[in-house]
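To keep things clear, I will list the structure first and then write my remarks on it.
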Amino acid sequence: MDWLQVVVLAIVQGLTEFLPISSSAHLILVPVLTDWEDQGLAFDVALHLGSLAAVLIYFRKDLLGMTQSWVRSLHTRQLDSDARLAWAVLLGTIPVGLAGLLLKDTIETVLRSPIYIAGGLIVFGVLLGWADWRHRGTRNEHQMNWKDVLMIGCAQALALFPGVSRSGITMTAGLLIGMSREGASRFSFLLSIPVIVLACGLETRGLLMTETSVDWLAMLVGVVVSGISAYLCIHYFLAFIKRIGMQPFVIYRIILGIALLWIFA
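Taking the numbering used here, the leading residue of the sequence shown gets 1203, the next gets one more, and so forth.
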């Protein structure tokens, strides 16, 4: 890879991991549209590690409180708001973990074409737009019940299909159950942590089973650039949706989906 490819892919990963526009779709499409060679599994792991570092740093105070309360709940059997949120993140990850184990091969081979990606961008973009347009919710991430967590967790499993967007579908589900835009977004970001950890674990396992050379400098630059762009994305996205909402991302998804259908259909 040349340095332009390294920086572009890192920025794309960092931004799209947390925006409701599908990071997997963009990482698949960038090499297709630019005719770049595939960046390889090792670089994908590096980019995800950068995104993981960003969300851990941004929510470090929340995560510290959640961890302390979660550990305490194991001994006292009593749940405060932070402990409930920690359990919600863990339980909300189970559906996507099970679905990933069952459907991994199909998703990585059959459903990675630009046509399927375009369909996912348009259909789930319209759903996000409708949920955001009708939303009247005020609940935050601490005010969910277990049915809410199950619904968002099951919705997250759909994000295994390229074009759906993990952040987009979890935010959509959050809006549909009556959460505020900020609450749905914050829970979506927290829910990304175990998902990225699982994804990096699976990708690292695949990397260890292959004999490939690793460009360590390119990976380091990818981690740093992806992390910085992801951190900025989280910060400005949470401020942006308070005033504007989700509709600009819905419009972008629909335009991108239509463009892909026009190019590849």
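Here a beta-carbon is modelled for each residue, glycine too, at the ideal position from N, C-alpha and C. Keep in mind it's a predicted model, so treat the numbers as computed, not measured.
- Query: On the three-pair Cβ rule with 8 Å, is the stretch 1209 to 1218 touching the stretch 1290 to 1297?
  - Reply: no
- Query: How about the stretch 1354 to 1374 and the stretch 1213 to 1225: do they share at least three Cβ pairs that are nearer than 8 Å?
  - Reply: yes
- Cα-Cα separation, CYS1402 to LEU1251: On the sequence shown, residue 1402 is found 200 positions in, with the first residue counted as 1. On the sequence shown, residue 1251 is found 49 positions in, with the first residue counted as 1. So the alpha carbons of these two residues sit roughly 7 Å apart.
- For ILE1354, count neighbouring C-beta atoms within 10 Å of its own C-beta (all shown protein chains included) and say buried if the count is 16 or more, exposed if not. What you label residue 1354 is simply residue 152 of the sequence shown in a count that begins at 1. Buried.
- Query: By Cβ distance below 8 Å, which residues in the same chain neighbour SER1315 in space, the five residues on each side in sequence not counted?
  - Reply: By 1-based counting over the sequence shown, the position of residue 1315 is 113. The answer, listed in chain order, is PHE1466.
- Look at the alpha carbon of TRP1464 and the alpha carbon of ARG1368, and state the distance between them as a whole number of angstroms. Along the sequence shown, read from residue 1 onward, the residue named residue 1464 stands at position 262. Along the sequence shown, read from residue 1 onward, the residue named residue 1368 stands at position 166. C-alpha separation (whole angstroms): 25 Å.
- How long is the line joining the alpha carbons of ILE1398 and LEU1254, rounded to whole angstroms? In the sequence shown, the residue the question calls residue 1398 occupies position 196. In the sequence shown, the residue the question calls residue 1254 occupies position 52. Each residue's alpha carbon lies about 6 Å from the other.
- Message: Taking the alpha helix (DSSP H) that THR1218 belongs to, which residues open and close that run?
- Response: Taking the sequence shown and counting its residues from 1, the one referred to as residue 1218 is at position 16. First-last of the alpha helix (DSSP H) with THR1218: 1205 to 1218.
- Examine the Cβ distances between the stretch 1316 to 1334 and the stretch 1359 to 1367 and report whether three or more of them are shorter than 8 Å. Judged by Cβ distances under 8 Å, the stretch 1316 to 1334 makes contact with the stretch 1359 to 1367, as three or more pairs qualify.
- Task: Give the single residue among VAL1427, ARG1455, ILE1453, ILE1457 whose Cα lies nearest to the Cα of TRP1205.
- Result: In the sequence shown, residue 1205 corresponds to position 3, counting from 1. Cα-wise, what sits closest to TRP1205 is VAL1427.
- Item | Exposed unless 16 or more other CB atoms sit within 10 angstroms - verdict on ALA1248 | As a first step, residue 1248 is located in the sequence shown; it is residue number 46 there, counting from the start. Its Cβ being crowded by 16 or more others within 10 Å, ALA1248 is buried.
- Query: At which residues does the alpha helix (DSSP H) containing GLN1241 begin and terminate?
  - Reply: Translated into the one-based positions of the sequence shown, residue 1241 becomes position 39. From DSSP, GLN1241 is part of no alpha helix (DSSP H); its letter is neither H nor E.
- Query: So what's ARG1274 in DSSP terms, helix, strand or just coil?
  - Reply: On the sequence shown, position 72 is the one that residue 1274 refers to. Under the three-state reduction of DSSP output, ARG1274 falls in the helix class.
- Message: Just to confirm the assignment: which complete alpha helix (DSSP H) runs, minimum length 4, are found wholly within the stretch 1325 to 1382?
- Response: Listed in chain order, they are 1348 to 1359, 1368 to 1378.
- Expressed to the nearest angstrom, what Euclidean distance is found between the alpha-carbon atoms of LEU1231 and TRP1418? One-based indexing of the sequence shown puts residue 1231 at position 29. One-based indexing of the sequence shown puts residue 1418 at position 216. Answer to the nearest angstrom: the Cα atoms are 24 Å apart.
- With 16 other Cβ atoms within 10 Å as the buried cut-off, status of LEU1235: Along the sequence shown, read from residue 1 onward, the residue named residue 1235 stands at position 33. Exposed, because fewer than 16 other Cβ atoms sit within 10 Å of the Cβ of LEU1235.
- Task: Can you have a look at THR1269 and say buried or exposed, based on whether 16 or more other CB atoms are within 10 angstroms of its CB?
- Result: Within the sequence shown, numbered from 1, the residue matching residue 1269 stands at position 67. Classification for THR1269: exposed.
- Message: Quick test of your reading: LEU1378 and ALA1333, contact by CB under 8 Å. State the CB separation rounded to the nearest angstrom.
- Response: Indexing the sequence shown from 1 puts residue 1378 at position 176. Indexing the sequence shown from 1 puts residue 1333 at position 131. Right, the Cβ-Cβ distance comes to about 5 Å (below 8 Å), so this counts as a contact.
- Closest by C-alpha distance to ALA1285, when choosing among GLN1241, VAL1257, HIS1344, GLY1447: For the purposes of this step, residue 1285 is taken as the residue at position 83 of the sequence shown. Comparing Cα-Cα distances from ALA1285 to each of GLN1241, VAL1257, HIS1344, GLY1447, the minimum goes to HIS1344.
- Query: What first and last residue would you give for the alpha helix (DSSP H) that runs through MET1421?
  - Reply: For the purposes of this step, residue 1421 is identified with residue 219 of the sequence shown, where counting begins at 1. Note, MET1421: alpha helix (DSSP H), 1418 to 1445.
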